[in-house]
Structure formats: C-alpha cells, structure tokens
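Right, one structure below, let's go through it.
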Amino acid sequence: MLCRSCGRMNRDEDLFCSSCGAKLLRSKVCRACGAKNRHDATFCGTCGAKLPDDGMHCPSCGHPVAPRSQFCPNCGTQVVEGIVCGTCHSVNRDDARYCAFCGGALKVPAAVTT
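Start counting the sequence shown at 1; every next residue gets the next number (UniProt numbering).
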C-alpha cells in the first residue's frame, strides 16, 4: 500500500506508514464490479458480492494469521521477521522507523561491530 503522505510502499496489513508514521487509508476492491469498499467490509456496498479476505496466511501451512502475530497459531512458524514494537509488540519491517500498527517510534537495534 502506497503512503499518500510520503510515497513509501508499505505492507497491505500496515495501518501506519513505516517511514513517516502517517495513517494509511485502505480499501477493498470488489472483484465483481470494481467498486472500492472500506478495508473492514465483508460484502460490496455497490453490488453485494462477497469481498476477498486479504488477511495474512502462514507461509508454511496456509493457516490464517492475525496481522499482529509473530507466529502461526496452527504450526508455530515465525511468519514475519523484523523489529518488534515496544508499545504494541507488533512486528515491523527491518527498515521501519515507526510502527505500522500503533504509529509509535521504533527502537532500531544498534549495529554490531567486530
């Protein structure tokens, strides 16, 4: 999903931009009629068709996984790698400066020197 504020590409499940912290506006597009609907809609407001489930799924077993989960509830596979938010414990991309779920500033791990 593209941030309208800074132009950064974010994950579809992100609620806030990982670069500038702006709230992301999402919509579901109906496959039947092409109408845009709220991100949390189940059915199209224009034609009534069932909208696609755009949630995350485990790469190992395919089980649905909640956006803030670090591990699959079915098989235990780690589903996302990245920086864990100290406030809401959501996993964010390694290059994120702000949490994509709560908008809080992330503490970036210090570089390891040898």
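Note that CB positions come from ideal geometry on N, CA and C, so glycine has one too.
Every value quoted in this text rests on a predicted model; they were computed, and no experiment measured them.
Counting along the chain, no beta strand (DSSP E) covers LYS107, and no H or E run does either. Residue environment analysis places GLY21 among the buried positions, since at least 16 neighbouring C-beta atoms fall within 10 angstroms of its C-beta. Taking a contact as a CB-CB distance under 8 Å, the pair PHE16 and PHE71 does not count as one, their CB atoms being some 22 Å apart. Excluding sequence positions up to five before and after HIS63, its CB lies within less than 6 Å of the CB of CYS72 and ASN74, all in the same chain and listed in chain order. When the beta-carbon positions are compared, ASP14 and LEU2 stay at least 8 Å from each other. Per DSSP, the beta bridge partners of PHE16 are LYS23. LYS36 and VAL29 have their C-alpha atoms roughly 5 Å apart. Taking VAL108 as reference, the option from GLY34, CYS58, SER90 and VAL84 with the minimal CA-CA separation is VAL84. Rounded to whole angstroms, GLU81 and GLY104 show a C-alpha spacing of 18 Å.
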